[in-house]
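Chemist: This is the structure I want to talk about, given as structure tokens.
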Amino acid sequence: MLRSALFHRSGRPGVSRRRRLALALTAALVPVAATGAVLALPGAASAAVPAAPPGWTTVFSDDFNGAAGSGLNTSNWLYDTGTGYPGGAGNWGTGEVETVTNSTANVYQDGAGHLVIKPIKSGGSWTSGRVETQRTDFAAPAGGEMEIAASIEQPNPASGLGYWPAFWALGAAARPVGATNWPSIGELDVMEDVNALSEVSHTLHCGTDPGGPCNETTGIGSGLLACGGCQTGYHTYSVIVDRRTAGAEQLRFYTDGALQLTVNQNQMDATTWANAVDHGFFVILNVAMGGAYPNAICGCSSPSSATTSGAGMSVDYVAVYQTTGSSPSASASTSPSASASASPTSTGGGGGKSCTTTATSDISADCYNASQGAVTVTAASGDTNPSGVDGNQVPQLTNGEYLEYKGVNFGSTGSTQFDARVASGAAGGVSGLVNVVLDNPGNAPIGSFAVGNTGGWSAWRTIPANIARTTGTHNVYLEFQSGAGGNPPYVSLHYFNFPAS
Numbered sequence: 443m444l445r446s447a448l449f450h451r452s453g454r455p456g457v458s459r460r461r462r463l464a465l466a467l468t469a470a471l472v473p474v475a476a477t478g479a480v481l482a483l484p485g486a487a488s489a490a491v492p493a494a495p496p497g498w499t500t501v502f503s504d505d506f507n508g509a510a511g512s513g514l515n516t517s518n519w520l521y522d523t524g525t526g527y528p529g530g531a532g533n534w535g536t537g538e539v540e541t542v543t544n545s546t547a548n549v550y551q552d553g554a555g556h557l558v559i560k561p562i563k564s565g566g567s568w569t570s571g572r573v574e575t576q577r578t579d580f581a582a583p584a585g586g587e588m589e590i591a592a593s594i595e596q597p598n599p600a601s602g603l604g605y606w607p608a609f610w611a612l613g614a615a616a617r618p619v620g621a622t623n624w625p626s627i628g629e630l631d632v633m634e635d636v637n638a639l640s641e642v643s644h645t646l647h648c649g650t651d652p653g654g655p656c657n658e659t660t661g662i663g664s665g666l667l668a669c670g671g672c673q674t675g676y677h678t679y680s681v682i683v684d685r686r687t688a689g690a691e692q693l694r695f696y697t698d699g700a701l702q703l704t705v706n707q708n709q710m711d712a713t714t715w716a717n718a719v720d721h722g723f724f725v726i727l728n729v730a731m732g733g734a735y736p737n738a739i740c741g742c743s744s745p746s747s748a749t750t751s752g753a754g755m756s757v758d759y760v761a762v763y764q765t766t767g768s769s770p771s772a773s774a775s776t777s778p779s780a781s782a783s784a785s786p787t788s789t790g791g792g793g794g795k796s797c798t799t800t801a802t803s804d805i806s807a808d809c810y811n812a813s814q815g816a817v818t819v820t821a822a823s824g825d826t827n828p829s830g831v832d833g834n835q836v837p838q839l840t841n842g843e844y845l846e847y848k849g850v851n852f853g854s855t856g857s858t859q860f861d862a863r864v865a866s867g868a869a870g871g872v873s874g875l876v877n878v879v880l881d882n883p884g885n886a887p888i889g890s891f892a893v894g895n896t897g898g899w900s901a902w903r904t905i906p907a908n909i910a911r912t913t914g915t916h917n918v919y920l921e922f923q924s925g926a927g928g929n930p931p932y933v934s935l936h937y938f939n940f941p942a943s
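Using the working numbering, the first residue of the sequence shown is number 443, and each one after it goes up by one.
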């Protein structure tokens, strides 16, 4: 009964001890992804909603240009009030302790082009705000894409234990039944932080609770990633629902144009994916206080008596874009340079070596058969060489480059993991992704990891990534993708493998 009251979901992440462990493992296994995977931008005054680029249409936007102290435009937004949906779980299903109101003390426009949602403690009790779009039809059409984006400055309290700001979306079918059909109807957590850590996590929730293909109540997520400056300036958070290729749909989550998380359709059965993704959504903005997620991260009960009252989440704009085009196109809020420029034809030569093609064995980086970009091979200083690996590296790779390894044999059992030995001396704020793609460089990645500075170009780390289960023999492309301006190098590769599952 206690577990049901605390962790039954009413649309928000009720993070159990299981998720706390998962987040801890993410931090332990992917140390680089948590140290610079986000491009920090300086704080800014109110900015206009970005115009839709060619091929896209703006289907909703609000840049909160109301008078100081005014409420929201109720043609666009509705206020949640109380401690749960009518007929839904109490405390919004997460154990959070605030009561949400429609008071302009908690939810207001500041007169400078921002929406502010402010938690306030009074007489030992907390109030805050939670608002939803009136519309529930934000969807990617079959063969097209949809992007939900917002520019947000996270709360910056002096003592932030228990703060839980969020920008997210729920499947339209949740609204008529108080989200009692969660998580099957899908939840897209575009931005969450807890305890004023200046971090961000992105998550998809789907299927059944507990367990299921999204491992509820954990979900399929990025874990908490460092988000430098996210409490002192406005940063853009977005998710793209990509339905351009039937059977190979994707969700891609971004912070400031840097890809943070990709979820592929083949990570679950077709019915679960369709129920979670292929329909309309409504957008939610709120600041919760306390509950399962912040409690799991601190290992305590939050908020505490020392938690600061009155630190608001400031939202510059919210926008939703859509395209029905069937070919790749730049998104509205992510930098065009964040997309790898791989094409189906390799433009470079191979590494000139004859090497193992067994996926479970360590494959030297210079065993590539073809490449794209100005790829070179040099000695890999500062690292040891496991059996079968030579002492060479492919150094200082940049956005748009890739390496092709032909005829890699995953066997009949296959693998669900990719491990790569990498190093980075990238400049501060520079990071990128290493994507694993099969058979054609234009295909969607089956897995990826983020990497930033590891301590230098000779500071080698093994970073793992989950991939969709892969069997048989494939041409493997390692594609390098970064949104950093000026196309700087961000990663060197020594060797990689696909451990047996």
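Cβ coordinates follow ideal geometry from the N, Cα and C atoms, glycine included.
As the structure is a computational prediction, the values presented were derived from the model and not from experiment.
Since V632 is in the beta strand (DSSP E), which residue starts that stretch and which ends it?
Modeler: In the sequence shown, residue 632 corresponds to position 190, counting from 1. Segment 629-634, the beta strand (DSSP E) holding V632.
Chemist: Using only the alpha-carbon positions, how far apart do V526 and T622 sit?
Modeler: Here residue 526 refers to the residue found at position 84 of the sequence shown. Here residue 622 refers to the residue found at position 180 of the sequence shown. According to the sequence as given, residue 526 is Gly; it is not Val. Cα to Cα, G526 sits roughly 11 Å from T622.
Chemist: Using a Cβ-Cβ cut-off of 6 Å (strictly less than) and excluding sequence neighbours within five positions of K848, which residues of its own chain qualify?
Modeler: Position 406 of the sequence shown, counting from 1, holds the residue named residue 848. Correct list, in chain order: N811, N917.
Chemist: So the alpha helix (DSSP H) Y735 belongs to, where does it begin and stop?
Modeler: The residue you call residue 735 lines up with position 293 of the sequence shown. It spans 734-740 - the alpha helix (DSSP H) in which Y735 sits, taken as one unbroken run.
Chemist: Tell me the rounded alpha-carbon separation between L603 and D635.
Modeler: By 1-based counting over the sequence shown, the position of residue 603 is 161. By 1-based counting over the sequence shown, the position of residue 635 is 193. Going from the Cα of L603 to the Cα of D635 covers about 11 Å.
Chemist: Return the chain-ordered list of same chain residues with a C-beta closer than 8 Å to the C-beta of N929, the five sequence neighbours on each side being excluded.
Modeler: As a position in the sequence shown, residue 929 is number 487, starting the count at 1. Counting only Cβ-Cβ distances below 8 Å, and skipping sequence neighbours, we find S779, T840, N841, G842.
Chemist: Assuming contact is defined by CB atoms lying nearer than 8 Å, are I726 and E589 in contact in what I supplied?
Modeler: Residue numbering aside, residue 726 sits at position 284 when the sequence shown is read from its first letter. Residue numbering aside, residue 589 sits at position 147 when the sequence shown is read from its first letter. Contact flag unset, no.
Chemist: Thinking C740 and N637 are a contact (beta carbons under 8 Å), I'd like their distance in whole angstroms, please.
Modeler: Counted from its first residue, the sequence shown places residue 740 at position 298. Counted from its first residue, the sequence shown places residue 637 at position 195. Contact holds; Cβ gap of about 6 Å.
Chemist: Between S890, S829, M755, Q838, which has its C-alpha nearest Q551's C-alpha?
Modeler: What you label residue 551 is simply residue 109 of the sequence shown in a count that begins at 1. Minimum Cα distance to Q551 is reached at M755.
Chemist: Using alpha carbons as the reference points, say which of Q764, F938, N908 lies closest to A581.
Modeler: Locating residue 581 in the sequence shown gives position 139, where the first residue counts as 1. Among Q764, F938, N908, the Cα nearest to that of A581 belongs to Q764.
Chemist: For E629, which option in Q576, F506, W715, V573 has the closest C-alpha, if you only look at C-alpha atoms?
Modeler: Indexing the sequence shown from 1 puts residue 629 at position 187. Nearest C-alpha to E629: W715.
Chemist: For P618, write down the residues that DSSP places opposite it in a beta bridge.
Modeler: As a working mapping, residue 618 is identified with position 176 in the sequence shown. According to DSSP, P618 bridges with nothing at all.
Chemist: If I measure Cβ to Cβ from F609 and keep anything under 7 Å in the same chain, skipping five residues before and after, which residues do I get?
Modeler: Residue mapping note: residue 609 aligns to position 167 of the sequence shown, counting from 1. Closer than 7 Å at the Cβ level, and outside the excluded window around F609, lie A592, I594, V632, M633, Y679, L727.
Chemist: Considering only DSSP beta bridges, list what D861 is partnered with.
Modeler: In the sequence shown, counting from the first residue as 1, residue 861 sits at position 419. Answer is P906, N939, bridged to D861.
Chemist: Let's see if you can read the secondary structure: which residues bound the beta strand (DSSP E) around A592?
Modeler: The residue given as residue 592 occupies position 150 in the sequence shown. First-last of the beta strand (DSSP E) with A592: 587-595.
Chemist: Please report the straight-line C-alpha distance between V757 and S643, rounded to a whole angstrom.
Modeler: As a working mapping, residue 757 is identified with position 315 in the sequence shown. As a working mapping, residue 643 is identified with position 201 in the sequence shown. Roughly 17 Å separates the two Cα atoms.
Chemist: What is the DSSP secondary structure of T578, reduced to helix, strand or coil?
Modeler: Numbered from its first residue, the sequence shown carries residue 578 at position 136. Reduced to three states, the DSSP call for T578 is coil.
Chemist: Quick check on the DSSP output: what are the complete alpha helix (DSSP H) runs of length 4 or more inside the region 827-876, in order along the chain?
Modeler: Whole alpha helix (DSSP H) segments, 4+ residues: zero.
Chemist: Taking all protein chains shown into account, decide if N882 is buried (16 or more other Cβ within 10 angstroms of its Cβ) or exposed.
Modeler: Mapped onto the sequence shown, residue 882 falls at position 440. Result: exposed.
Chemist: Just reading off the alpha helix (DSSP H) that V719 is part of, what are its end residues?
Modeler: Here residue 719 corresponds to residue number 277 of the sequence shown, with the count starting at 1. That run of the alpha helix (DSSP H) goes 712-719.
Chemist: Among Q702, S924, D832, V573, which residue has its Cα nearest to the Cα of A868?
Modeler: Taking the first residue of the sequence shown as position 1, residue 868 is located at position 426. Among Q702, S924, D832, V573, the Cα nearest to that of A868 belongs to S924.
Chemist: Per DSSP, T915 is paired with what?
Modeler: Stepping through the sequence shown from its first residue, residue 915 is reached at position 473. N851, per the DSSP bridge assignment.
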